[in-house]
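Structure, as structure tokens:
Number of protein chains: 2
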Amino acid sequence: MTSPVIPSDVAGCCSPLDGGVLDDEAAVRLASMFKALSDPARVKLVSLIAAAADGEACVCDLTGPLGLSQPTVSHHLKLLTDAGVLIRQQRGRWAYYRVVPETLAATRRALDPLLAV
Amino acid sequence: MTSPVIPSDVAGCCSPLDGGVLDDEAAVRLASMFKALSDPARVKLVSLIAAAADGEACVCDLTGPLGLSQPTVSHHLKLLTDAGVLIRQQRGRWAYYRVVPETLAATRRALDPLLAV
Chain A
1 MTSPVIPSDV AGCCSPLDGG VLDDEAAVRL ASMFKALSDP ARVKLVSLIA AAADGEACVC
61 DLTGPLGLSQ PTVSHHLKLL TDAGVLIRQQ RGRWAYYRVV PETLAATRRA LDPLLAV
Chain B
1 MTSPVIPSDV AGCCSPLDGG VLDDEAAVRL ASMFKALSDP ARVKLVSLIA AAADGEACVC
61 DLTGPLGLSQ PTVSHHLKLL TDAGVLIRQQ RGRWAYYRVV PETLAATRRA LDPLLAV
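Line by line, the protein sequences are chains A and B. Under UniProt numbering, read the first sequence as residues 1 to 117, first letter to last. Under UniProt numbering, read the second sequence as residues 1 to 117, first letter to last.
Spelled out as structure tokens, the structure:
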């Protein structure tokens, strides 16, 4: 498991995928973002949370649509939170999750230069 | 290993990460694209090929900058080619690789809607 990537790190660190300028550290961080999204269940979780009312959802909202157990969903949510794709807020009994747009924007920026190839 | 994703599939299949509209098949395909890019060596390979003269590179150009053996680099190139991120053309002794911009454009489009969250 790689160390957590917080959004400000992500936004600041990621060189575009367009040159020898991509150093080892940037490659590791960028790959860790892609790895966080490299599982179909995690892609669906991000999709569901982004589409949720008020842009947030708790585990209790997500187990049904995914058809997975709460511990499995919580595990995927932890990986996404560690990678900076989601943020987590505990309120009473449940933890609520939101998408961090900056993380996905940084990922998108890293792909931009290749579109002109 | 997932089945190969060819660029036209990718461009056509991938629902944005913004709703319950993301069906299981689309989630699997999108995750497989992210998985192809989820390794630092593969991120660096894409970066190097995109920046290469004429937008193409052979294994012989790539082993040095990566500091990896030719079989290892060839393995990573095969995964990227199977995922539709690269295309491969054999010319004489060497295989040459190019980035497929459509694949990365489709990946980028899948991230777009989240930027407005």
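The beta carbon of each residue, even a glycine, is placed where N, CA and C say it ideally should be. Keep in mind that this is a model prediction, so the values were computed, not measured.
Could you check whether aspartate 61 of chain B and alanine 52 of chain B sit closer than 8 Å to each other, using their CB atoms as the reference points?
yes
Quick check on aspartate 39 of chain B: buried or exposed, where buried means 16 or more other Cβ atoms within 10 Å of its Cβ?
buried
Note the first and the last residue of the continuous beta strand (DSSP E) segment covering valine 99 of chain A.
94 to 99
Looking at the C-beta of serine 74 of chain B, does it have a partner C-beta in chain A at a distance below 8 Å?
no
Below 6 Å CB to CB, which residues in the same chain sit around arginine 98 of chain A once its five sequence neighbours on both sides are set aside?
Gly55, Glu56, Ile87
Run through chain B and tell me which residues come within less than 8 Å of lysine 78 of chain A, C-beta to C-beta.
The contacting residues do not exist; lysine 78 of chain A stays about 17 Å from chain B at best.
Can you pull the DSSP bridge partners for glutamate 56 of chain B?
B/Arg98
Can you pull out the residues from the region 27 to 47 of chain A whose beta carbon lies closer than 9 Å to at least one beta carbon of chain B?
Ala27, Val28, Arg29, Leu30, Ala31, Ser32, Met33, Phe34, Lys35, Ala36, Leu37, Ser38, Asp39, Pro40, Ala41, Arg42, Val43, Lys44, Val46, Ser47
For serine 69 of chain B, is the classification buried or exposed, using 16 other Cβ atoms within 10 angstroms of its Cβ as the cut-off for buried?
exposed
Might you give, ordered along the chain, the residues of its own chain that have their beta carbon closer than 8 Å to the beta carbon of arginine 108 of chain A, omitting 5 neighbours on each side?
none
Would arginine 88 of chain A count as contacting chain B if we go by Cβ distances under 8 Å?
no
Closest by C-alpha distance to methionine 96 of chain A, when choosing among A/Ala110, A/Ala106, A/Val46
Looking at the sequence shown, residue 96 of chain A is not methionine but tyrosine. Considering only alpha carbons, the answer is A/Val46.
Identify which residue in A/Arg29, A/Ala83, A/Cys58, A/Ala105 has its Cα closest to the Cα of serine 74 of chain A.
A/Cys58
Those residues which DSSP pairs with leucine 86 of chain A across a bridge:
A/Val99
On the DSSP letters alone, give me the boundaries of the alpha helix (DSSP H) that leucine 48 of chain B sits inside.
40 to 51
Alpha-carbon spacing of proline 65 of chain A relative to glutamate 102 of chain A, whole angstroms:
26 Å
Near leucine 79 of chain B, which residues of its chain fall below 7 Å by C-beta distance, leaving aside the five closest residues on each side in sequence?
Ala36, Arg42
With 16 other CB atoms within 10 Å as the buried threshold, where does arginine 29 of chain B fall?
buried
Cβ-based burial, glycine 67 of chain A [other Cβ within 10 Å; buried from 16]
exposed
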